[in-house]
Amino acid sequence: MRNFNLNFTKNKKEIDVKNIKKVRNIEVPVGCEKCEISNLNRKIVNYRGYKKVRIAIVGQPNSGKSTFFNSLTNFKVNTANYSGTTVNYHITSIIVKNYEVELIDLPGIYSFGYSDLAEKVTFEILTKEEIDGIIQVVEAPSLAHSLILTMDLLTLDIPLVIALNMIDEARTKGVFINSELLENLLNVPVIETIATKGYNSYKTILKILNEIENKNNKTLKLDQKNNEQDSIIDSKISSNLLINNKFIDDYLVKDNLQVSELKYLIREYKNIWRNLIEDVFKYTNCHIKDCKLMPACLMNIEKRELSDNSYLNYYLKIRNELLKVKSFIIKNINDFVVRYDKPKPTFDDIIDKAFLHNFWGYVFLTLILLFTFGLVFVVGNKLGDFAEFITDKFWNLLNVSFIIDYLNNSHFNFIVPFINGLIDGINGGVGIVLPYLIPLVLFISILEDSGYIPRMVYLFDNILRKFGFSGRSILAFILGYGCNVTAIMSLRNLTTSTERILAGIVIPLIPCSARTVVIMGLITAYLGPIWGIAMYIFSLFIISLVLLIIQKISNLKYPTLIMHIPSYRFPSLKSLILKTYLKIKAFIYTALPVLIIGTILLNYLAYFRLDGVINNFLSLLTVNLLGLPEVVGVPLIFGVLAKENALALLYTALNTQNVLSVMSISQVLVFTIFVMFYTPCISTIATQVREIGLKYTVYSVVLSLFIALFVAVFSKLALSFIF
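Mapping the sequence shown onto the working numbering, position 272 (from 1) lands on 302, and the numbers just tick up by one.
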């Protein structure tokens, strides 16, 4: 391997790289306080011969984990889905010293309890994907909450470093942590960090690399001190430790636990779990070498293997005692290392009196959402006009009109539907979805990074629980009014697969911005704004009714929501840009290709003059059931591509610019109601397939068609008494 030197130069504010050939420069922000270049870019060189290590970054939600990850990376970040799931994580690679470091930003979790999919995925990645080191990002102002996950991580045979994040915020709140004592107790390195400023981020990477290098020499060892206390403890730890619960009881009742005793208990925590797992695996004929000695790995054993009730009761008793020990350890660590000074009322305390108020909280929530989606609508319209201008210029530059005319007059006219479909698909994705998707993702990221989203979840939890959903799903339902695609993509934040699937089935019923175009273009334009508002209220009523029915059928019940409310923070510009970029990239790579393919297929239907056949085929639905003109069949089909297509093609099919000259008010209302609820657009369907699977996507499409047909027919009958 070639040797190289990294010379940190304060005055030149750069890092010189020497004696390296065939280099590739990558700019990555760095935080290294000792050399005073925390705000500079570090030039990193990638070359053949480096050692490759994989480092997982874990932490609880809102701990600053992703901000810490972003502070170490450039924008060359890939998003991956764990096999067989919709849970994603971010991966990037940087070069540090003589290592190629693959950083993996895992989903935010509270522990390894297997209570949700994110916990399961994180656990399996850590235990099955050959992770060399772990960085746990801990929220300093709420140390005790983060230690729950720390205790689980300590049972892994993987080098661990704790990034004690938001240390500045903790001190502002009067929370002072003795990081040296914490490091001594846990026997793992603890680095104080401020991820938003890049403070000590790079130092944390260097520390975990050092831990990986010294892994063989850093194995946990029992204290060799022969003091009286250790002798007492040693005498009580035997092969029958798990049966002799007196050992546990002795410590649980102690009021004056010494630091040495607590340190020893922490070190023994892994051995205690090892004994329990070995005992269980011996009983179930499993092999200890196949397990990473994690508490969570016992969950499946509990459900499948422990058929003997007497042994199961024994096991559960011991496990519950160990959980008490875990809580006992966490409480004592917090008591030893944290000092609380009485803080002055903070900005968070003052503003939360209004934002979390039983009445005013909902008022401010409504105002914030109206302001946010108002901005999305305004910015989306501007971006849409700009995108339309750019795409028109692009197609004109390619002289597409000339090419199409030439092909139409040649023997190759069968290519024209392909070109038209390609153009329409790109125009639909770039000109309709992206203009609204970009500001929507950006503004939602601002709300998320600022700390407001958890407060929104808290406010909506009691309301949505009555419909069988937890407060965490509110974001998806709100996003649905902007774009169903974005809403379904956001379902990854939900903790249970059942809730994720049911929300993915119901969300397409929400009138998105494209369906709003239909409502405004028909109802508001011809019948007035009051009728437009009435349509929204009507759709909300139908959706609520569907949710109630699903709740009754599935009997969904969620436990009381327990969540940590983070402090308000000023969002990082880089983090906002990166989040928006990743969401847009996901749409371009997944939904857009399906949209283009679907557009091409429908253009070939028109090319082979199947539109008349389609109208005739759908006449049973359009004419007999809905009482609409036969020609609306094709607009409804093309509405599957994008709902606004149904409006645009309706004018073409009716051959008029005044819909009321051909259709009655009742027919306009029925047509709009059917478009509001029937089959999701093809972009939404493509996203559903990716997020909830093909089977449940089919269920969603069938449900949408049934509801649209039932509500439209019922509305036709009801309107016949009015008009």
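For glycine and all other residues, C-beta sits at the position ideal for the given N, C-alpha and C. Given the structure is predicted, the values throughout are model-derived calculations rather than measurements.
Burial is judged here by how many other beta carbons sit within 10 angstroms of a residue's own beta carbon; H120 has at least 16 and is buried.
In the three-state scheme derived from DSSP, where H, G and I count as helix and E and B as strand, F377 is classed as helix. Counting the other CB atoms within 10 Å of its CB gives Q90 a total of 16 or more, which places it among the buried residues.
With a contact defined as Cβ atoms closer than 8 Å, Q718 and L658 miss out at about 27 Å. DSSP places V460 in no beta strand (DSSP E); its state is neither H nor E. Between M565 and E721, the C-beta spacing is not below 9 Å. For Q166, the enclosing beta strand (DSSP E) has its first and last residue at G163 to E169.
The beta carbon of K673 lies closer than 8 Å to those of C542, A544, R545, V547, V548, V705 and C711 in the same chain, with the five residues before and after it left out. Annotation for R84: no alpha helix (DSSP H) segment contains it, though the beta strand (DSSP E) segment containing it runs K81 to G89. Taking the Cα positions, P665 is about 36 Å away from R502. Residue burial is scored here from C-beta neighbours: I197 has at least 16 other C-beta atoms within 10 angstroms and is therefore classed as buried. R369 sits in a strand when the DSSP states are folded into three classes.
Taking 9 Å as the cut-off, the Cβ atoms of I224 and I165 do not count as close.
Between the stretch 440-457 and the stretch 387-404, the count of Cβ pairs shorter than 8 Å is below three; the stretches do not touch. Listed in chain order, the alpha helix (DSSP H) runs fully inside the stretch 146-222 are 147-158, 173-183, 197-202 and 209-216, counting runs of at least 4 residues. When V393, Y140 and P189 are compared, the shortest CA-CA separation from L179 is found for Y140. Annotation for N240: no residue places its beta carbon closer than 7 Å to its own, counting only its chain and skipping 5 residues before and after.
As for any beta strand (DSSP E) of minimum length 3 sitting wholly inside the stretch 698-750, there is none. Per the coordinates, the alpha-carbon of E130 lies some 20 Å from the alpha-carbon of G228. The beta carbon of K237 sits closer than 8 Å to those of V191, P219 and I221, all from its chain and outside the five residues before and after it, given in chain order.
Cβ neighbours of V653 within its own chain (closer than 8 Å, five residues either side excluded): P659 and E660. Residue burial annotation: D162 is buried, with at least 16 other C-beta atoms found within 10 angstroms of its C-beta. Per DSSP, E529 is one residue of the alpha helix (DSSP H) stretching across S527 to V536. A check of alpha carbon separations from I242 across G404, P189 and Y232 identifies P189 as the nearest. Judged by their CB atoms, T376 and K203 are nearer to each other than the 9 Å cut-off.
DSSP, reduced to helix, strand and coil, places I595 outside both helices and strands of the structure shown, so it counts as coil. In this chain, the beta strand (DSSP E) harbouring T122 covers N118 to V126. Shown here for D382: same chain residues with a beta carbon closer than 8 Å to its own, the five before and five after excluded, namely R485 and I595 in chain order. The beta carbon of F473 is closer than 7 Å to those of T402, L405 and V406 in its chain, skipping five residues each way along the sequence. Short of 7 Å from the beta carbon of V741, and not among the five residues preceding or following it, lie these beta carbons of its own chain, in chain order: I572, I703 and F707. Around the C-beta of E159, fewer than 16 other C-beta atoms lie within 10 Å, and the residue is accordingly described as exposed.
In the DSSP secondary-structure assignment, I579 is not bridged to any residue.
Under the three-state reduction of DSSP output, I434 falls in the helix class. If you draw a straight line from the Cα of F751 to the Cα of F744, it comes to about 12 Å. Pairing Y637 with V409 gives a Cβ-Cβ distance that is not under 9 Å.
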